[in-house]
Amino acid sequence: MIVARLREILGGAGLLVEPGDLGAYRCDSVHRVDAGILCVARPADTEQVSRVVAACRAAGVALVPRGGGTGFAGGALPLPGQDAVLLSVERMRSIRSIDTVGDVMVADAGCTLHELQQAALGVNRLLGLDHGGAGSSSIGGNVATNAGGNNVLRYGMARDQVLGVEAVLADGSVLGPPSVLRKCNAGYDLRSLIVGSEGTLAVVTAVALKLRPAPIAFATGVFGVESPQKALDLFLLARSVLGETVSAFELMSRPAVEFHFAHVKARREPLDRPTPWLALLEAESTSRFMDLDAAFQSLLDRAMEAGLLLDGSVASSIAQRRSMWALREGIAVAMGEARFHIVKTDTAVPVASSPEFIRRVESELEHRLPRCRPVAFGHVGDGNIHLNVLPPPGMADTEFRMRSEELSRMIDDIALSLRGTVSAEHGIGQGKRDALARMLSPAEIGIMRAIKLAFDPVGVLNPGKLVDRQPT
Ligand SMILES: Cc1cc2nc3c(=O)[nH]c(=O)nc-3n(C[C@H](O)[C@H](O)[C@H](O)COP(=O)(O)OP(=O)(O)OC[C@H]3O[C@@H](n4cnc5c(N)ncnc54)[C@H](O)[C@@H]3O)c2cc1C
Numbered sequence: 011m012i013v014a015r016l017r018e019i020l021g022g023a024g025l026l027v028e029p030g031d032l033g034a035y036r037c038d039s040v041h042r043v044d045a046g047i048l049c050v051a052r053p054a055d056t057e058q059v060s061r062v063v064a065a066c067r068a069a070g071v072a073l074v075p076r077g078g079g080t081g082f083a084g085g086a087l088p089l090p091g092q093d094a095v096l097l098s099v100e101r102m103r104s105i106r107s108i109d110t111v112g113d114v115m116v117a118d119a120g121c122t123l124h125e126l127q128q129a130a131l132g133v134n135r136l137l138g139l140d141h142g143g144a145g146s147s148s149i150g151g152n153v154a155t156n157a158g159g160n161n162v163l164r165y166g167m168a169r170d171q172v173l174g175v176e177a178v179l180a181d182g183s184v185l186g187p188p189s190v191l192r193k194c195n196a197g198y199d200l201r202s203l204i205v206g207s208e209g210t211l212a213v214v215t216a217v218a219l220k221l222r223p224a225p226i227a228f229a230t231g232v233f234g235v236e237s238p239q240k241a242l243d244l245f246l247l248a249r250s251v252l253g254e255t256v257s258a259f260e261l262m263s264r265p266a267v268e269f270h271f272a273h274v275k276a277r278r279e280p281l282d283r284p285t286p287w288l289a290l291l292e293a294e295s296t297s298r299f300m301d302l303d304a305a306f307q308s309l310l311d312r313a314m315e316a317g318l319l320l321d322g323s324v325a326s327s328i329a330q331r332r333s334m335w336a337l338r339e340g341i342a343v344a345m346g347e348a349r350f351h352i353v354k355t356d357t358a359v360p361v362a363s364s365p366e367f368i369r370r371v372e373s374e375l376e377h378r379l380p381r382c383r384p385v386a387f388g389h390v391g392d393g394n395i396h397l398n399v400l401p402p403p404g405m406a407d408t409e410f411r412m413r414s415e416e417l418s419r420m421i422d423d424i425a426l427s428l429r430g431t432v433s434a435e436h437g438i439g440q441g442k443r444d445a446l447a448r449m450l451s452p453a454e455i456g457i458m459r460a461i462k463l464a465f466d467p468v469g470v471l472n473p474g475k476l477v478d479r480q481p482t
């Protein structure tokens, strides 16, 4: 019945029901479901979204919002055993306006992050959000997951880019159009509640995004270091020499780099000789009065003098800069495309605790599962380390899967003991709900449930994700 009702609302082009058409919607970057999707609703505008949400609510059918399907937490897929309508915003792709006086862009939720980055650059502005999934993830999904990525240490997460959201609530009513104001203290900040709510409070249909001056100069380098502590020391030195121009500081362990080389079947060492860890440092300037190259050189001289570096290379062309980033991004891609099970984590700890976190996890892994291979990489400049684990050589996939939960939990627990988080940027979705319950106090979980209940009293929006309305 719901399918017939949605066909009335959306017409043929707006609804997918054939098994062959649903295939592309059955996975995200990590998970896959083989059942549960009743149909995919593809509304063309906010009004249609509103009618779809109201119809699902009236029919008592779960509605799962979906953007590019690049998430890591299973948030854009039905739960096992659940029948759901997927609502994809992929046909909502307009940039509604770009205001270069107020530096605001308003875009439909289905625009990809990459499209919006390019549109901003087209008017000499920067959208301060970037990550490896930019090409296929939607801005609605980025906002719904409060995505992080490569430039958080300078520009913040998705939340920090959002001035306003337009969103459809669980009863079909519309909040919007998105506010474009830089200052607004009128009541509770509903925008901030919706950002990061992973489709459980509202369907985001449009977003007003902050723009900034576009950088006119970049300095990018890859540096070989002996240990995470040396990397951290390099980061602190970089901040003191380069100040707020530091826009990215990424760390890659040797096993992470080797994993990428094996995946692409090519060895493109960025330095003359392999080093145990690589740090990717980038600084960017928007002012022609700043000599970024000279500042970067001064940093390198001081880092060498201080004995922080084993080796280093600074990009002298755009192609070299791209190939440095391709190495870093290639690690995440290789992890996503691996054909065997990998334990994947998304922890963050206070930046100063990063070396201790990595040391403790590696030692505990060796103790619990000798010869398993920790693969650490990530946005260490903001404390977010993806400490993934590959199986010991020769261990059967099924056997390793059985250890997965124990190992993830151990890694999360070490992060929590250092006052960290179990989810830095990927969200909670369906996989991290237990970990969230371990991390937050009963008072925090209680207020989250109350918020869910207030926004979605009957539980139509992404039920079973992030937090339930009632204790289960
Ligand atoms: C190679 C690679 C690298 C990546 N690197 C990073 C990284 O560095 N940092 C990072 O944060 N992420 C990263 N990601 C993950 C991913 O791109 C982000 O989580 C992104 O924000 C998801 O957007 P999406 O449109 O694909 O959302 P989906 O995967 O479709 O959905 C994710 C969640 O958002 C909800 N949702 C989607 N659209 C809407 C909407 N319009 N309204 C309400 N809820 C909605 C869904 O219900 C789901 O809960 C990476 C992904 C890949 C493939």
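FYI, in the working numbering the residues of the sequence shown are 11 to 482. All residues carry an ideal CB built from backbone N, CA and C; glycine is no exception.
Report task. Please work out which residues of its chain come closer than 8 Å, Cβ to Cβ, to residue 140, disregarding the five sequence neighbours upstream and downstream, and give them in chain order. Result -> Annotation for residue 140: 123, 127, 159, 160, 161 place their beta carbon closer than 8 Å to its own, counting only its chain and skipping 5 residues before and after.
Query raised in the report: Who does residue 335 pair with in a DSSP beta bridge?
Result: Residue pairing by DSSP places residue 335 in no beta bridge whatsoever.
Query raised in the report: If you drop the 5 nearest sequence neighbours on each side, which residues of the same chain put their C-beta closer than 8 Å to that of residue 414?
Result: Close CB contacts of residue 414 within its chain, under the 8 Å cut and outside five residues either way in sequence, are with 351, 353 (chain order).
Query raised in the report: If you count every other CB in all the chains shown that lies within 10 Å of the CB of residue 250, and 16 or more means buried, which is it?
Result: Exposed, by the Cβ-count rule.
Query raised in the report: For residue 187, which residues of its own chain have a beta-carbon under 6 Å away from its beta-carbon, when the five flanking residues on both sides are left out?
Result: Spatial neighbours of residue 187 in its own chain (CB-CB distance under 6 Å, excluding positions within 5 residues in sequence) are listed in chain order as 176.
Query raised in the report: Which residues share a DSSP beta bridge with residue 97?
Result: Residue pairing by DSSP places residue 97 opposite 51, 75 in a beta bridge.
Query raised in the report: Which word fits residue 109, buried or exposed, when buried means at least 16 other C-beta atoms lie within 10 angstroms of its C-beta?
Result: Exposed, by the Cβ-count rule.
Query raised in the report: Hey, would you say the C-beta of residue 161 is under 7 Å away from at least one heavy atom of ligand 1?
Result: The closest heavy atom of ligand 1 lies 7 Å or more from the beta carbon of residue 161.
**Report entry** Cβ neighbours of residue 89 in the same chain (closer than 7 Å, five flanking residues each side left out)
**Finding:** These residues qualify, in order along the chain: 440, 474.
Query - Unbroken alpha helix (DSSP H) run spanning residue 395, endpoints - result: Note, residue 395: premise wrong, no alpha helix (DSSP H); beta strand (DSSP E) at 394-400.
Report task. Under 7 Å Cβ to Cβ from residue 455, same chain only, skipping five residues before and after it: list those, please. Result -> Once the five neighbours on either side are set aside, the close Cβ partners of residue 455 are 447, 477.
Query raised in the report: Is it true that the stretch 78-98 meets the stretch 34-50, where meeting means three or more beta-carbon pairs spaced less than 8 Å apart?
Result: The stretch 34-50 and the stretch 78-98 touch, with three or more beta-carbon pairs separated by less than 8 Å.
Query raised in the report: Sorted by chain position, which residues of the same chain lie with C-beta nearer than 6 Å to residue 7's C-beta, five sequence neighbours on each side aside?
Result: Absent from the model: residue 7. The displayed extent of the chain is 11 to 482, so no value can be given.
**Report entry** For residue 2, the three-state DSSP class (helix, strand or coil)
**Finding:** Lying before the first or after the last residue shown, residue 2 is absent from the chain, which here runs from 11 to 482.
Query raised in the report: Distance, Cα to Cα, residue 293 vs residue 389?
Result: Taking the straight line from one Cα to the other gives about 14 Å.
Query raised in the report: Does any heavy atom of ligand 1 sit closer than 7 Å to the C-beta of residue 435?
Result: With a cutoff of 7 Å, residue 435 counts as near ligand 1, since its C-beta is closer than that to a heavy atom of the ligand.
Query raised in the report: Which partner residues does residue 37 have in the DSSP bridge list?
Result: Within the DSSP secondary-structure output, residue 37 pairs in a beta bridge with 42.
Requested in this report: Excluding the 5 residues preceding and the 5 following residue 404 in the sequence, name in chain order all residues of the same chain whose CB lies nearer than 8 Å to its CB.
Outcome: There are no such residues.
Report task. Could you name the residues of the same chain whose beta carbon sits closer than 6 Å to that of residue 436, not counting the 5 residues immediately before and after it, in chain order? Result -> So the qualifying residues of the chain are 82, 83, 356.
Report task. Using the Cα positions of residue 157 and residue 27, report the straight-line distance between them to the nearest angstrom. Result -> One C-alpha to the other measures close to 30 Å.
Query raised in the report: Along the chain, where does the beta strand (DSSP E) that runs through residue 12 open and close?
Result: Not the beta strand (DSSP E): residue 12 falls in the alpha helix (DSSP H), residues 12-20.
Query raised in the report: Would the beta-carbon of residue 77 be found less than 7 Å away from any heavy atom of ligand 1?
Result: In this structure, residue 77 has its CB closer than 7 Å to one or more heavy atoms of ligand 1.
Query raised in the report: Just to confirm, does residue 148 get its C-beta within under 7 Å of one of the non-hydrogen atoms of ligand 1?
Result: At a threshold of 7 Å, residue 148 counts as near ligand 1, since its beta carbon sits closer than that to one of the ligand's heavy atoms.
Query raised in the report: Three-state secondary structure (DSSP) at residue 445?
Result: Looking at residue 445 - three-state DSSP - the assignment turns out to be helix.
Query raised in the report: Among residues of its own chain, excluding the 5 on either side of residue 181, which ones have a beta-carbon nearer than 6 Å to its beta-carbon?
Result: Residues of the same chain with their beta carbon placed closer than 6 Å to that of residue 181 are lacking, with the five preceding and five following residues left out of the count.
Query raised in the report: Is the stretch 276-285 in contact with the stretch 420-427, if contact means three or more CB pairs nearer than 8 Å?
Result: No: fewer than three Cβ pairs fall under 8 Å.
Query raised in the report: Cβ of residue 216 within 7 Å of any heavy atom in ligand 3?
Result: Ligand 3 is not among the ligands present in this structure, which contains only ligand 1.
Query raised in the report: Taking buried to mean at least 16 other C-beta atoms within 10 Å of its own C-beta, is residue 191 buried or exposed?
Result: Exposed.
Query raised in the report: What residues in its chain sit with their C-beta under 6 Å from that of residue 39, if we drop five residues either side in the sequence?
Result: So the list reads 80, 82, 346, once near-sequence residues are dropped.
Report task. Within the same chain, show all residues whose beta-carbon is closer than 6 Å to that of residue 66, passing over the 5 residues directly before and after it, in chain order. Result -> For residue 66, where only same-chain residues beyond five positions count, the Cβ hits under 6 Å are 73, 95, 470.
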